Amino acid sequence: MRQRYRVGVGREVVEVEKCHFDDEEGRKRSKGNDDVGFMVRCKAPNRFLDNLPETSVIVCFHNEAWSVLLRTVHSILDRSPPQFLKEIILVDDNSDMPHLMQQLEDYMAQYPKVRIVRAPKREGLIRARLMGARHATAPVLTFLDSHCECTTGWLEPLLARIAYNSQTVVCPVIDVVSDDTLEYHYRDSSGVNVGGFDWSLQFNWHAIPSKERARHQHPAEPVRSPTMAGGLFSIDKAFFERLGTYDSGFDIWGGENLELSFKTWMCGGTLEIVPCSHVGHIFRKRSPYKWRSGVNVLKRNSIRLAEVWLDEYKKYYYERIGFDLGDFGDVSERKKLRDNLGCKSFKWYLENVYPELFVPGDAVASGEIRNLELGQCVDSPAKPDDAHKPVGLWPCHNQGGNQYWMLSKEGEIRRDEACMDYAGADVILYPCHGSKGNQYWEYNPETNRIIHGSSKKCLVISQDRKKLLMEDCNLGEGRQKWKFENYDPAKKL
1 MRQRYRVGVG
11 REVVEVEKCH
21 FDDEEGRKRS
31 KGNDDVGFMV
41 RCKAPNRFLD
51 NLPETSVIVC
61 FHNEAWSVLL
71 RTVHSILDRS
81 PPQFLKEIIL
91 VDDNSDMPHL
101 MQQLEDYMAQ
111 YPKVRIVRAP
121 KREGLIRARL
131 MGARHATAPV
141 LTFLDSHCEC
151 TTGWLEPLLA
161 RIAYNSQTVV
171 CPVIDVVSDD
181 TLEYHYRDSS
191 GVNVGGFDWS
201 LQFNWHAIPS
211 KERARHQHPA
221 EPVRSPTMAG
231 GLFSIDKAFF
241 ERLGTYDSGF
251 DIWGGENLEL
261 SFKTWMCGGT
271 LEIVPCSHVG
281 HIFRKRSPYK
291 WRSGVNVLKR
301 NSIRLAEVWL
311 DEYKKYYYER
321 IGFDLGDFGD
331 VSERKKLRDN
341 LGCKSFKWYL
351 ENVYPELFVP
361 GDAVASGEIR
371 NLELGQCVDS
381 PAKPDDAHKP
391 VGLWPCHNQG
401 GNQYWMLSKE
411 GEIRRDEACM
421 DYAGADVILY
431 PCHGSKGNQY
441 WEYNPETNRI
451 IHGSSKKCLV
461 ISQDRKKLLM
471 EDCNLGEGRQ
481 KWKFENYDPA
491 KKL
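Here it is as structure tokens:
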């Protein structure tokens, strides 16, 4: 069903998909009209306090498109109750496009709540946000990216959670705005996910765990999340400062979302995704930030994060980067901050906040899977887009990364949350399901064979040395001989 809305700068009328199911479709999908019930619950009279705290909305940008930036600002102004919106702080991270100079100053001068702060040199997203926070005067900070669209009713649910507990960090549901058409794609309550991470310290999304679903009486209730994506959230300013804001040793962007997630939970706070709050986001095909040449910024940031917050679990990240730490700077002040705050251990975090995460220390083997005859290693990326793709081969490089695999006690060969899976065709990566079947493997360190549990075939390199296959096991075939690194039979079930 289509409906006409005014969206974008100038509010020209375009047709977009209607956000919610009609009654009949809703009943078919949910055996009742849960979608309507969800909206009633979110918009019920007197649901939110009248005396919610004010917020400063901080939007950092670098060479953002004119229409996209204005769409962000106008959606904040138009869809935020004025009594709760103290100011919008636009932080210009040293843009050089003409439309973001005097033209932007002149345009925003007609909106008293909008202030522009300019960085004299490129700072990167992290330090630009800190600059905005220093200029903020409201008790709550709300960070948004510069390519967003706020929806009606987006702000009150976030402020209400912070009013209830100032140590709660809250995120809206992030809807998708098309990069090509700017069409808004609304995600209903059944599509809400929680944040996680893998041991490469990459953020990822997961379905709400069953124990968290069981805690809820209604889909409109806030959902506890182990981590956040980091682009869109609200936080009490005093709590943000008590947590030490962001690590000022972080460069550009990357890792700051996990650092804030970990210390929120470990240092007395709670991190939530609020289903009643929706903000659309344009997911760019590339970042506008240019990385400094010769420095892997994300890796350096992640090492600082691991050194301060991961305790003994940092080794699992270091294994993935071949223990190549390089110069990650001085973290003594960040460690002192953690000690002064009396934060809990990372072990506590894993056991109480994110027990669903597979811990590599439980693995029977971990590291590279090397073919003894040909010197090639099993090699595959494990991002969501790589699921269902054939597992690859590459010359062994001893640097972890895509060649870091784990053999779980349950017989899974894992790249974090992706498992090697064989259903009779290619050997592929597939989300781990814990039900063995196509994902059950046996490693025999005496014969150096990797045997598929249900088919009883052996993992082998093809004759042309270009791909992995499954063949009948043959003790004399060198292409079937593998060494799984760090094998410990004592860890088997």
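Counted from 1, the sequence shown has number 300 at position 300 by full-length UniProt numbering; the numbering is strictly sequential. Every residue, glycine too, gets a C-beta built ideally from N, C-alpha and C. All of these numbers come straight from a predicted model, not from anything done at the bench.
Assigned secondary structure, residue i (DSSP; H/G/I helix, E/B strand, else coil)
i	result
isoleucine 162	helix
leucine 305	helix
residue 497	There is no way to answer for residue 497, as the model of the chain reaches only from 1 to 493.
lysine 409	coil
lysine 481	coil
threonine 280	Checking the sequence, you will find glycine at residue 280 rather than threonine. Glycine 280 falls in the strand class under three-state DSSP.
proline 395	strand
serine 189	helix
tyrosine 316	helix
isoleucine 252	coil
leucine 182	coil
valine 36	Because valine 36 sits at a pLDDT of 41, beneath the cut-off of 50, its placement in the model cannot be relied upon, and the following sentence gives the value as read from the coordinates. It is helical.
tryptophan 441	strand
threonine 227	strand
leucine 493	coil
arginine 115	strand
cysteine 60	strand
glycine 476	coil
Residue span of the beta strand (DSSP E) that contains residue i, given as start and end
i	result
isoleucine 413	413-415
methionine 108	Unbroken run through methionine 108 is the alpha helix (DSSP H), 102-108; no beta strand (DSSP E).
alanine 207	203-207
tyrosine 349	Counting along the chain, tyrosine 349 falls outside any beta strand (DSSP E), though it belongs to the alpha helix (DSSP H) covering 346-352.
isoleucine 235	233-236
asparagine 257	Looking at the DSSP string, asparagine 257 is not in any beta strand (DSSP E); the run it does join, the alpha helix (DSSP H), is 256-266.
threonine 447	Threonine 447 -> no beta strand (DSSP E), and no H or E assigned at all.
glutamate 471	468-471
aspartate 175	168-177
leucine 85	85-92
leucine 459	458-461
tyrosine 430	427-431
glutamate 149	148-150
leucine 144	140-144
Residue from the options with nearest C-alpha to residue i
i	options	result
alanine 220	Ile273, Ala207 and Leu260	Ile273
arginine 415	His278, Arg320, Trp348 and Ala423	Arg320
serine 408	Phe143, Tyr443 and Leu125	Tyr443
leucine 493	Asp362, Gly230 and Gly476	Asp362
valine 427	Ser435, Glu410, Ile450 and Gly434	Ile450
alanine 306	Leu260, Val169, Tyr186 and His281	Leu260
proline 275	Gly424, Pro157 and Ala490	Pro157
alanine 490	Asp379, Ala365 and Ile58	Ala365
tyrosine 184	Glu256, Phe283 and Tyr354	Phe283
lysine 299	His278, Tyr354, Glu312 and Asp324	Asp324
lysine 121	Ile252, Tyr246, His216 and Lys344	Ile252
arginine 242	Met97, Lys336 and Gln463	Lys336
Residue range of the unbroken alpha helix (DSSP H) whose run includes residue i
i	result
glycine 132	125-135
residue 494	Beyond the ends of the chain as shown, which are 1 and 493, falls residue 494; an answer cannot be given.
asparagine 340	332-341
arginine 213	210-214
valine 359	Where valine 359 is concerned, there is no enclosing alpha helix (DSSP H), given that its DSSP letter is neither H nor E.
aspartate 379	No alpha helix (DSSP H) contains aspartate 379, which is instead part of the beta strand (DSSP E) from 376-379.
phenylalanine 71	Reading off the sequence shown, one finds arginine at residue 71, where the question assumed phenylalanine. Arginine 71 -> alpha helix (DSSP H) spans 66-79.
Whole-number beta carbon distance between residue j and residue i, since they are thought to touch under 8 Å
i	j	result
leucine 100	aspartate 106	With a Cβ gap of about 12 Å, leucine 100 and aspartate 106 do not count as contacting.
proline 431	glutamate 417	6 Å
methionine 131	valine 117	6 Å
serine 80	alanine 138	Their Cβ separation, rounded to whole angstroms, is 12 Å, which puts serine 80 and alanine 138 out of contact at 8 Å.
proline 381	asparagine 402	5 Å
lysine 481	leucine 372	4 Å
serine 234	leucine 141	7 Å
proline 226	glycine 195	6 Å
histidine 135	asparagine 94	At roughly 16 Å, the Cβ-Cβ gap does not stay under 8 Å, so histidine 135 and asparagine 94 are not in contact.
leucine 232	leucine 144	5 Å
glycine 375	cysteine 396	6 Å
Whether residue i touches residue j by CB criterion (8 Å)
i	j	result
valine 176	valine 223	no
arginine 370	lysine 483	yes
asparagine 301	phenylalanine 250	yes
serine 146	leucine 70	no
alanine 163	proline 53	yes
glycine 280	cysteine 171	no
threonine 270	glutamine 202	no
leucine 90	valine 59	yes
valine 391	valine 378	yes
valine 308	glycine 254	no
glutamine 439	methionine 470	no
alanine 128	alanine 119	yes
glycine 453	glycine 400	no
glutamate 87	arginine 115	yes
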